[in-house]
Ligand SMILES: C[S@@+](CC[C@H](N)C(=O)[O-])C[C@H]1O[C@@H](n2cnc3c(N)ncnc32)[C@H](O)[C@@H]1O
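Numbering (the working numbering), first residue to last: 166 to 470.
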């Protein structure tokens, strides 16, 4: 089984329903991952269309290239951050598109490959970069950050209630030994929190790992502008689908959509008043989908001046 086989796209039926791929349509998948969602978009649009696929992880692009091989002629893959969506679209000669998807966060292959350093359920180098060609690793980040700043990061991006204790334990521990692996970090966290939390339903390292990952990859900062740029690229009637996996992301998506829909001459109609969530069956067969939320909006017709 290849790594890509592990990934089961989340809310796929719902994305296909709302994106409603059509023959000859042009689509952008800003978060290609394994390419499986993009493949379904292409299959549903029944005659060749155009798909621009973006991922900041070069390994995801390799996987997607394999997944989408049969659509080689109409698929254009780009390595980069979707914060540069407009620039990438322009360089492909794309001025307007019919649908754009953001399926945020990390893919299963990223999570389960221990060498990527995203997971605490095994031991690997403490990396956590989605794009391993640039930026600081989590080990480097933890080497230099101050205790108070680390506490803020854990509280803000992990909503971690034991932020102070964990930050202190990390800073104390690095005085004697550099924190280089995911196993080391998980063990420091485990020792620093009360037993009720250590053996709780959610692994006690979940929120710390999430916070470090979000900060390191600047996951939240790029989102409002990327959504705005995506909407600028949509043709009237074109749709944007955004799947988020935690409340901080979902809040940004909700607020960005609402702000654009509330303008005097709104460019956007929100199609999902409440976010769509996976069915109990999907949550059961794909536990990774548990926290997913899908929001959809549509570009409105231009009102003549
Ligand atoms: C949840 S996975 C997408 C899964 C995909 N829908 C599939 O079918 O496999 C998210 C992907 O988005 C990528 N990603 C996250 N943030 C990104 C960003 N700012 N720019 C480009 N790619 C990003 C990650 O590297 C990861 O491969």
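Backbone N, C-alpha and C fix where the C-beta goes; we use that ideal spot for every residue, glycine too.
Nearest residue (CA-CA) to residue i, options the options
i	options	result
residue 372	193, 281, 331	331
residue 191	419, 348, 210	210
residue 256	389, 242, 264	242
residue 304	297, 314, 293	293
residue 307	422, 287, 333, 249	333
residue 271	289, 196, 389, 428	196
residue 185	414, 220, 403	403
Check: residue i C-beta below 7 angstroms from any heavy atom of ligand 1
i	result
residue 201	yes
residue 393	no
residue 271	yes
residue 268	yes
residue 246	yes
residue 208	no
residue 295	yes
residue 303	no
Buried or exposed by the 16-neighbour rule on C-beta atoms within 10 Å, applied to residue i
i	result
residue 166	The predicted position of residue 166 is uncertain, since its pLDDT is 43 and thus under 50; no value can be drawn from it.
residue 439	exposed
residue 234	exposed
residue 430	exposed
residue 375	buried
residue 455	exposed
residue 382	buried
Local conformation of residue i per DSSP, three classes
i	result
residue 294	coil
residue 438	coil
residue 178	helix
residue 263	strand
residue 210	coil
residue 406	strand
residue 187	coil
residue 322	helix
residue 415	helix
residue 166	The pLDDT assigned to residue 166 is 43, lower than 50, so where the model puts this residue is not dependable; a value taken from the coordinates is nonetheless given after this. Coil at residue 166, not helix or strand.
residue 429	coil
residue 276	helix
residue 467	coil
Bounding residues of the beta strand (DSSP E) (the contiguous stretch that carries residue i)
i	result
residue 243	240-244
residue 215	215-220
residue 351	No beta strand (DSSP E) holds residue 351; the alpha helix (DSSP H) holding it covers 347-357.
Chain C contact for residue i (CB, 8 angstroms cutoff)
i	result
residue 412	Absent here is chain C; the protein component of the structure consists of one chain.
Segment limits, alpha helix (DSSP H) that includes residue i
i	result
residue 394	388-398
residue 333	328-341
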